[in-house]
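Written below as structure tokens is the structure these notes are about.
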Amino acid sequence: MALLTVSNLSVEFPTRRGLLRALDDVSFAIDAGEILGVVGESGAGKSLTGAAVIGLLEPPGRIAGGEVRLSGERIDNLPPERLRRIRGRQIGTIFQDPLTTLNPLYSIGRQLIETMQTHMRLSDSEARKRAIEWLERVGIPAAARRVDAYPHEFSGGMRQRVVVALALCAEPRLIIADEPTTALDVSVQAQIITLLKRLTRDHGTAVMLVTHDMGVIAETADRVAVMYAGRIAEIGPVLSVIKHPAHPYTEGLMGSIPPIEHRVARLRQIDGAMPRLNAIPPGCAFNPRCPKAFARCFTERPDLLDAGATVAACWLHAPIDRPLVRPANTHA
Amino acid sequence: MPEVSTSARAVATTPMLEAIGVSHHFDVSPPFLQRLLAHGGKKQSLRAVDDVSFAIAPGTTLSLVGESGCGKSTVARLAVGLYTPSMGEIRFEGRLLSAARAQSDLRRRMNMIFQDPYASLNPRWRVRDIIAEPLRTFDIVHSAPALRDRVAALLSQVGLAPADGEKYPHEFSGGQRQRISIARALSSEPEFLVCDEPTSALDVSVQAQILNLMRDLQLRLGLTYLFISHNLAVVRHMSDRLGVMYLGRIVELGPAEAIFRTPRHPYTRLLLDAIPDLENPGRSRTPVGGEVPSPIDPPPGCAFHPRCPFADARCRMEKPGYTRTRDQMVACHAVEEGRIAP
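Chains as they are written, first to last, in my numbering: chain F, 1 to 332; chain A, 1001 to 1342.
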């Protein structure tokens, strides 16, 4: 059974001009020890998906439908206090900016110790010992000495290492990492990715890795979900999605990344921009930009359909002779 | 009027822009009174750009790539005269930049595109006024109808509709705003454009649109670009020549293809190795440790030595000069001594 199961999740924002549906019928699952990459452009709903899973939606945003299950237990309708406990103990989070995650007034050690003692029975000396161990594990040199240092005494990459330690120290079963390397330079980015990958493999932690950087996904994730306008456009094994994308949007997205291996005369571009939430066209949300759109795309909205190695929300993959059956399991 | 090179031969031999031993220092000292109270508190300076030389031939693109704090944006600002070099000189078509900047007919021939399309457009101006500002400032177009036609032509050139001129910047998406920035930069018909991370704030599909547009415009109008970016894939796509910067210095300079094919400097190798590879997903690697040191207190000798796998005693003591290997200039003792296999 999957560790995290999200089924038909929808998120709405009531505004003065009516309801905005920011996430629409999103379903996916992550197994223990697996890294699921969630990729998309700004406004596609990838961060919102992470926030909804851990129950940290900014009001007035609210879950309008669907459910979130962690190890089979439903967590989206829990009272805030119960959810807070689960969030700390079983779900760790890593955000883009380490400075907003770390408290500038507490030493690194104190933040680690407090996190562990909140969720585990540990004596002060045992917690301190573990805090130093975690700092060593994430590659902080002279951890025993630096455990009493404050966040401002660390560089950006070192701070993000501390955040990784902080997310993992209570030994959660799921990590939500929202653009964990976006604020970092490319050489440091590689260090953090390698670290995250190694530690989560060692501990069998499931990871939901939200990023706009396809390169990071390619390097890190086992499976990838591509989001567009609040929905999953395609989901499948990372190699298949990158090499043989089934959805025209994924295809365009991959083509628009300048290749590093060789030089191309012209990048493939997707004309136009993602529609705003209040102006999503009827049918498939990608139809105004899709080079392969046909009549059905403008009237009917596609669900995730079997497209060989992946599943894609695209009518190109509709079985012609059979009646449409919604795939019960989106876990490709 | 000083000589304006008219013959094609002269244009081909004079670089559009040339930097000769350019350094730029920022004063980061504590305020005077604090220095006085600290008894012997010293003035501190940050050497953002250190002895940088390069030349850009007309109609080509030179890119500068590097991590944050390497001084690439400072070079961009020096190149259009927003900063004055502390040492060395910058020449625009053979003339000192400071002298060229004093003449409006030369000044209009260079312009800049900024990173953030949200901060670089005045939110209270209509797009047509934003684009027309250089035309008015340089007194290029005089009558109102001619101005309107010119703005409409510029908007179409960057793929927007002439009617978009009546709107305000907030009505546009990030990519469209960057198109407006480009239209503004092109309005005085410049030949030289400095682009400081023009696509870093954009999504990848929009980035492709802007990069394609910039390449098209270069071919059509014969533009010369100084292109600043931290993204190696983007740089490879855009550049003819490439300079890799580390802590204020250019550590490797040469034809972009040559550098990507055979990187010589250990830092260039590290950078190329650190990029996630879409062709080869899931590869595992051993990343080089360490981070860029503070430019206020750079390491002695070669600034890269604390992270360099090839560093020896000489690298820790002596700042490397440039070694020329085929087309590339490399500032590295190990390359010079042949300790790194080419």
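All C-beta atoms in this analysis are idealised placements derived from N, C-alpha and C, irrespective of residue type, glycine included.
For LEU316/F, same chain residues with a beta-carbon under 7 Å away, outside a window of 5 residues either side, are LYS292 in chain order. MET1245/A and ILE235/F have their C-alpha atoms some 39 Å from each other. Secondary structure note for VAL164/F: its alpha helix (DSSP H) is the uninterrupted segment 156–168.
The way I'd put it, the region 1316–1336 of chain A doesn't touch the region 1059–1067 of chain A; fewer than three beta-carbon pairs between them come closer than 8 Å.
For MET116/F, the three-state secondary structure derived from DSSP is helix.
Across the structure, ASP303/F and LEU78/F are spaced so that their CA atoms are roughly 29 Å apart. Chain-order list of chain F residues neighbouring LEU1221/A: empty, with the shortest C-beta distance near 17 Å, by a criterion of under 9 Å. Ranked by Cα distance from ARG17/F, the first of GLY204/F, ALA279/F and SER27/F is ALA279/F. Non-local C-beta neighbours of ARG301/F in its own chain, meaning closer than 7 Å and more than five positions away in sequence, comprise GLY283 and CYS284, ordered along the chain. Close to GLY1175/A, with beta-carbon spacing below 8 Å, are these residues of chain F in chain order: ALA273. Apart from sequence neighbours up to five positions away, the residues of its chain that approach THR1084/A with a beta-carbon distance below 7 Å are SER1098, ordered along the chain. Counting of Cβ neighbours within 10 angstroms places ASP1139/A among the exposed residues, the total staying below 16. Neighbourhood of GLY157/F in chain A, by CB distance below 7 Å: GLU1291, in chain order. With a cut-off of 8 Å on Cβ pairs, the region 1247–1262 of chain A is not in contact with the region 1093–1109 of chain A, counting fewer than three such pairs. In terms of Cα proximity to VAL216/F, the closest of ILE242/F, ARG231/F, ASP271/F and GLU73/F is ILE242/F. For ILE1182/A, the three-state secondary structure derived from DSSP is helix.
Nearest neighbour of PRO1306/A by Cα position, chosen from GLN1207/A, VAL1141/A, LEU1247/A and VAL1080/A, turns out to be LEU1247/A. The three-state reading of DSSP puts PRO281/F in coil, since its state is none of H, G, I, E or B. Three or more Cβ pairs closer than 8 Å define a contact, and the region 141–153 of chain F falls short of that threshold against the region 177–190 of chain F.
Contact note: LEU1154/A does not reach chain F at a C-beta cutoff of 9 Å; the least C-beta distance is about 20 Å. Residue environment: PHE1227/A is assigned as buried (16 or more neighbouring CB atoms within 10 Å of its CB, all protein chains considered).
With its beta carbon less than 8 Å from one in chain F, HIS1237/A belongs to the interface.
Close to chain F, meaning a Cβ-Cβ distance shorter than 7 Å, is no residue of the region 1037–1053 of chain A at all. For the region 1304–1321 of chain A, the beta-carbon criterion of a distance under 9 Å to any beta-carbon of chain F is satisfied by ARG1307.
By the 16-neighbour rule on beta-carbons within 10 angstroms, ILE193/F is buried. Beta-carbon to beta-carbon, ARG223/F and LEU36/F are separated by about 5 Å, close enough to satisfy the 8 Å threshold. Boundaries of the beta strand (DSSP E) harbouring GLN1328/A: 1328–1330, taken from the DSSP string. Of all alpha-carbon atoms in LYS1043/A, VAL1022/A and PHE1032/A, the one lying nearest the alpha-carbon of ILE1296/A is that of LYS1043/A. Taking C-alpha positions only, GLY109/F is separated from GLY1174/A by approximately 41 Å. When the alpha-carbon of GLY92/F is set against those of ASP31/F, ARG128/F and VAL163/F, the nearest one is in VAL163/F. Taking a beta-carbon distance threshold of 8 Å, GLU1252/A does not count as an interface residue toward chain F. Collapsing the DSSP output to three states places VAL311/F in a strand. Taking 8 Å as the Cβ-Cβ cut-off, the region 127–148 of chain F approaches chain A at GLY139, given in chain order. DSSP lists SER1045/A as the bridge partner or partners of ASP1027/A. ASP185, VAL186, SER187 and VAL188: these are the residues of the region 177–188 of chain F whose beta carbon lies less than 8 Å from some beta carbon of chain A, given in chain order. Neighbourhood of VAL216/F in chain A, by CB distance below 8 Å: PRO1276, in chain order.
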